[in-house]
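Worksheet for the structure shown next.
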Amino acid sequence: MTASIMVQGVTSGAGKSTLTSLICLYLRDQGFKVAPFKALNLSLNSYVTYDGKEIGIAQAFQAWAAGLEPEGCMNPVLLKPSGEGRMQMMINGRPFAEIDAHHHGPGQSIVIDAVRESYERLRRRFDFIVIEGSGSPVEINLEGRDIANMRTAVMARSPVLLVGDIDKGGVFAGLYGTYHLMSGPSQRMTKGFIINRFRGDGSSLGPGIEILEKKMSMPCLGVVPMFELRMPEEDSLGMRGRRPATSKAGDVRKVWIESLQGLLEASQPGLDLRRIQDIGLRGLD
Amino acid sequence: MDFHEKVSNEIRGGVRGTDQGCEHNPCHFHGQDCTFCFCPLYPCEDPELGSFFRGKDDKPVWSCQECYWTHRPDVATEMHRLLADRGGGYGAPIDRAGTKAALERKFSKRAKAIMVLGATSGAGKSFITAALCRVLSDRGFRVAPFKSQNMSLNSCVTQSGEEIARIQELQARAARAEPIAAMNPILLKPKGKAVSQVIVEGRPYRDMDVTQYYEGFVRNEAMGIVRRNYELLARTNDYVVIEGAGSPAEINISSYEIANMRTAEVADADCVLVVNIEWGGAFAYIFGTLLLLSEAERRRFKGIIINNMFGDAGCLSSGIDRVESELGIPVLGVMPHLEHSLPTEDSMFIASKRSSAAGKLVGVIRLPHISNFTDFDALTMEEAVSVLYITEPMELDLVDAIIIPGTKNTIHDLTWLERTHLASKIRELRGEVPILGVCGGYQMLGDQIMDVHGIEGGVCQQVEGLGLLRGITHFDAYDKRTKQVSGELLVGAGGKVRGYEIHMGRTEIAESRGLFRISSEGIPYEEGSISPDGMVMGTYLHGAFDLPAFRAFFVGLIKGRNGGTEGREHRTLDEVVEESLALSARVLLDNLDLSHLIPREQKGGR
Chain A
0 MTASIMVQGV
10 TSGAGKSTLT
20 SLICLYLRDQ
30 GFKVAPFKAL
40 NLSLNSYVTY
50 DGKEIGIAQA
60 FQAWAAGLEP
70 EGCMNPVLLK
80 PSGEGRMQMM
90 INGRPFAEID
100 AHHHGPGQSI
110 VIDAVRESYE
120 RLRRRFDFIV
130 IEGSGSPVEI
140 NLEGRDIANM
150 RTAVMARSPV
160 LLVGDIDKGG
170 VFAGLYGTYH
180 LMSGPSQRMT
190 KGFIINRFRG
200 DGSSLGPGIE
210 ILEKKMSMPC
220 LGVVPMFELR
230 MPEEDSLGMR
240 GRRPATSKAG
250 DVRKVWIESL
260 QGLLEASQPG
270 LDLRRIQDIG
280 LRGLD
Chain B
0 MDFHEKVSNE
10 IRGGVRGTDQ
20 GCEHNPCHFH
30 GQDCTFCFCP
40 LYPCEDPELG
50 SFFRGKDDKP
60 VWSCQECYWT
70 HRPDVATEMH
80 RLLADRGGGY
90 GAPIDRAGTK
100 AALERKFSKR
110 AKAIMVLGAT
120 SGAGKSFITA
130 ALCRVLSDRG
140 FRVAPFKSQN
150 MSLNSCVTQS
160 GEEIARIQEL
170 QARAARAEPI
180 AAMNPILLKP
190 KGKAVSQVIV
200 EGRPYRDMDV
210 TQYYEGFVRN
220 EAMGIVRRNY
230 ELLARTNDYV
240 VIEGAGSPAE
250 INISSYEIAN
260 MRTAEVADAD
270 CVLVVNIEWG
280 GAFAYIFGTL
290 LLLSEAERRR
300 FKGIIINNMF
310 GDAGCLSSGI
320 DRVESELGIP
330 VLGVMPHLEH
340 SLPTEDSMFI
350 ASKRSSAAGK
360 LVGVIRLPHI
370 SNFTDFDALT
380 MEEAVSVLYI
390 TEPMELDLVD
400 AIIIPGTKNT
410 IHDLTWLERT
420 HLASKIRELR
430 GEVPILGVCG
440 GYQMLGDQIM
450 DVHGIEGGVC
460 QQVEGLGLLR
470 GITHFDAYDK
480 RTKQVSGELL
490 VGAGGKVRGY
500 EIHMGRTEIA
510 ESRGLFRISS
520 EGIPYEEGSI
530 SPDGMVMGTY
540 LHGAFDLPAF
550 RAFFVGLIKG
560 RNGGTEGREH
570 RTLDEVVEES
580 LALSARVLLD
590 NLDLSHLIPR
600 EQKGGR
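Top line first, the protein sequences correspond to chains A and B. All residue numbers in the first sequence are consecutive under numbering that gives the first Met the number 0, ending with 284. All residue numbers in the second sequence are consecutive under numbering that gives the first Met the number 0, ending with 605.
Below, the structure is given as structure tokens:
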């Protein structure tokens, strides 16, 4: 039986990719055969696998964190914006169709089938799959069309964690509002929340966390400190205001993974990875 | 002379404005109108403007000591017009009730407060606040912006030498009001190591760490300061547009929170929530923010603004419907993403601005305690100039000019420059590219910094500067120079400069040439300095690039990849900001339904 855990975010850039990478690294250290998965990725930064499949760069990074060579099935659907609302849709790592601003594209069933098949392929080969969601799971205007969050969780029968970025401010509102807008079954699949990018000492969050734990009937699984993680940028959002990449001697992938190990250490006191592992192993009731 | 005669003389004397020569000025508020030192409406017996007290013989006496209404320039001018125009000459009896009623139709006795709160930082509060100020001012109202507590390293100096956040100064400009300290009575300037310099009512008050600030200052003093400064604005305006701070739903610190719902309560404000949709999750933030507030707090919200929408807003209708039906608060509209030239609020949003792909690249060192980086907004107005914020030495190879900006902690950041090897790289590039130091950056360019009293870092120290300009900076006392100045450029083609100084410490200059001649204070003096070869220069002047002269000089020094071209943008930053403010008001009106929030009409009678 393959275990799984899914990381969903309150916003884009909340820290889903980072958390997913971190959990992959941790589970690998615990001796699991672990693989990352993201059903649908919207990104201009892609990576090409050994067999010529194009996937989101973040999934490649997560694969390295899991000690694997990246594969096409880790990110079956990739949307690459080509300007003026147009996007190239890649399915299973190959160009499939051009879609326009109104998302008129191939039927959803094709996309859903691709997601299911890819996930199935991973599930047969690994003990633990760490799934990353996409954007916010409660975009009211996308309702029914969002396949990358709760529909993926249901398909994979995966418990869900919700992560919010405190650096923007309003993280309690973001977490609670996301929970509030979820359907009853989705709320019950969500097993905990995580606060990311915290500057300062955890004690000042105490009262806020307690209120949320009560209101959302789930535990806070951790507070991750602000950390200058060197990893390939996935969202176009994070690019702005970031310093340009500088070339350092040596393999940049090594630098990335070392940086992730640094974050794993820095997160240890505040983030309950053991409990996250147990939630994944227990699965949904 | 009896009261009636005094009033007649006042009317005969015409509108006087502020009586600068009066020993009591300002007896009510800075910028007050002194036409009616004796109010023609006395005793109006209006409980909104004054109260009775028991006089010597126990008779009730009307006191309007705390009434500022008559001293509003617009009220005084109008009252003078009404009274001068009345029939029967100066000695004729005054229709007090009629005059007062006519004034009340035009001027609020107490400002109405509108408060703009954000679901997150960077939601667009500052911008919406500025746009609302401009819309109300366009409709003829007297408006003031207010933010009770601001944490920002971008500050500027008012005419009377008070320091307020730059963003409130901008909002004052939007409101067409003179910026005063009351608009931002508490300003926190982070100095590092969790210590901030606390500025109260425009003057340095004390340095405090987090505990001192929250457990001492916030608990005991802050709300009193907020109340009395808001009160001043409320009594002298038709509208006060208040900006909140961060999110109002930070439930971990609600008892320490003063800048959001507690300020709203003081001002009895109608509140608007702004949410930035760019990051996604906007509806979650709307619900979460409002549901985490108490019922009474939630009732203050009269509208929600979705901000920064890329693309078509039509797709949001199902979400908007759910917000309105479940929360009972209308969504006033969706603001499109807008490119504007208004200064940025937070260092969080420092972006490297590139105005064009080719051209000249100015590298601004991204110091750990960088402050007043809005200084460089004006540079990006130049067609061929881009600004890149630099943190690594090799990035300096890319740039055609180097600027070391201001900092809240000169010595700490200088040490950082050395440690990161940026300092040695800057020394290497000396003579090849122009190097400018502003304020703290200027202090760093010199030979030495002496802090014998430990004013900067708490310990007595003497550190070597970059040694690129001859001069020594002394931190002698816990004293701060905050002054608006103007003058002219002493090098190149000359021309006007204008700016403001905000700094502790003073620099003894040993270079032979100064950069500017400052002439705004009685005795003209030289400010800043420039090296003999003209390639290294420093100044204390913030905003030196705002007018075209110094900008053109500096840009002209750049050899760049396209050869030396002159600065071509001849507009001043003021003109560009003015255009952006007009644009912001227009976009606000085009996209939002403000009819429940502010009067639809032009203010009566104007």
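From the three backbone atoms N, C-alpha and C, an ideal C-beta is built for every residue, glycine too.
A residue is called buried when at least 16 other Cβ atoms come within 10 angstroms of its Cβ; Gly527 of chain B meets this threshold and is buried.
Shown in chain order are the members of the region 125 to 155 of chain A whose Cβ falls below 8 angstroms from a Cβ of chain B: Gly134, Ser135, Val137, Glu138, Ile139, Asn140 and Glu142. In summary, Phe286 of chain B is buried, with 16 or more beta-carbon neighbours lying within 10 Å of its beta-carbon over all protein chains present. The beta carbon of Phe300 of chain B does not come within 8 angstroms of any beta carbon belonging to chain A, so the residue lies off that interface. For the 8 angstroms CB-CB criterion, Ile305 of chain B and Val265 of chain B do not form a contact. Using a CB distance cut-off of 8 angstroms, Phe282 of chain B counts as an interface residue toward chain A. Taking 4 residues as the shortest admissible run, the region 310 to 345 of chain B contains the following complete alpha helix (DSSP H) segments, listed from N- to C-terminal end: 316 to 326. Linking Ser511 of chain B to Gly279 of chain B through their CA atoms gives a straight-line distance of about 56 angstroms. Fewer than three Cβ pairs drawn from the region 3 to 18 of chain B and the region 52 to 60 of chain B lie within less than 8 angstroms of each other, which leaves the two stretches out of contact. Interface with chain A (8 angstroms Cβ-Cβ cutoff): Ile285 of chain B is included.
The Cβ atoms of Arg365 of chain B and Ile402 of chain B lie no closer than 8 angstroms to each other.
The continuous alpha helix (DSSP H) containing Ala584 of chain B extends over residues Leu572 to Asn590. According to the DSSP secondary-structure assignment, Trp61 of chain B is paired through a beta bridge with B:Phe51.
The beta carbon of Pro224 of chain A does not come within 8 angstroms of any beta carbon belonging to chain B, so the residue lies off that interface. Not a single C-beta of chain B is nearer than 8 angstroms to the C-beta of Ala65 of chain A. For the pair Met534 of chain B and Pro433 of chain B, the CB atoms are nearer than the 8 angstroms cut-off. DSSP places Glu417 of chain B within a helical segment (H, G or I) once states are collapsed to three. The C-beta distance from Gly491 of chain B to Gly445 of chain B rounds to 22 angstroms, too long to fall under 8 angstroms, and the pair is not in contact.
When secondary structure is reduced to three states using DSSP, Ile98 of chain A falls in the strand class.
For the 8 angstroms CB-CB criterion, Ile165 of chain A and Ala34 of chain A do not form a contact. Residue pairing by DSSP places Asp164 of chain A opposite A:Asn195 in a beta bridge. The alpha-carbon of Ala155 of chain A is positioned some 8 angstroms away from that of Tyr118 of chain A. Considered as a whole, the region 358 to 446 of chain B harbours 409 to 418, 421 to 428 and 439 to 444 as its complete alpha helix (DSSP H) runs of no fewer than 4 residues, in chain order.
From the listed residues B:Pro144, B:Pro531, B:Glu500 and B:Val363, the smallest Cα separation to Gly430 of chain B is found for B:Pro531.
By the neighbour-count criterion, in which 16 or more other beta carbons inside 10 Å mark a residue as buried, His595 of chain B falls on the exposed side. DSSP, reduced to helix, strand and coil, places Arg218 of chain B within a helical segment of the structure shown. Among the bridge pairs identified by DSSP, Phe36 of chain A is matched with A:Ile130. Taking the beta carbon of Pro94 of chain A as reference, no residue of chain B falls within 7 angstroms; the closest one sits roughly 24 angstroms away.
A straight line joining the alpha-carbon of Arg175 of chain B with that of Glu103 of chain B spans about 22 angstroms.
For Ser485 of chain B, the pairing in a beta bridge is given by DSSP as B:Arg497. Residue-level contact check: Pro75 of chain A does not touch chain B, since none of the beta carbons of chain B fall below 8 angstroms from its beta carbon. With respect to chain B, the C-beta atom of Ser11 of chain A has a partner C-beta closer than 8 angstroms. Comparing C-alpha distances from Gly439 of chain B to each of B:Gln460, B:His452, B:Met449 and B:Asp412 shows the shortest one belongs to B:Asp412. Taking the Cα positions, Ser485 of chain B is about 11 angstroms away from Tyr524 of chain B. It is roughly 58 angstroms from the alpha-carbon of Arg71 of chain B to the alpha-carbon of Met230 of chain A. Against chain B, the beta carbon of Thr177 of chain A has neighbours under 8 angstroms at Gly280, Ala283 and Gly287, listed in chain order.
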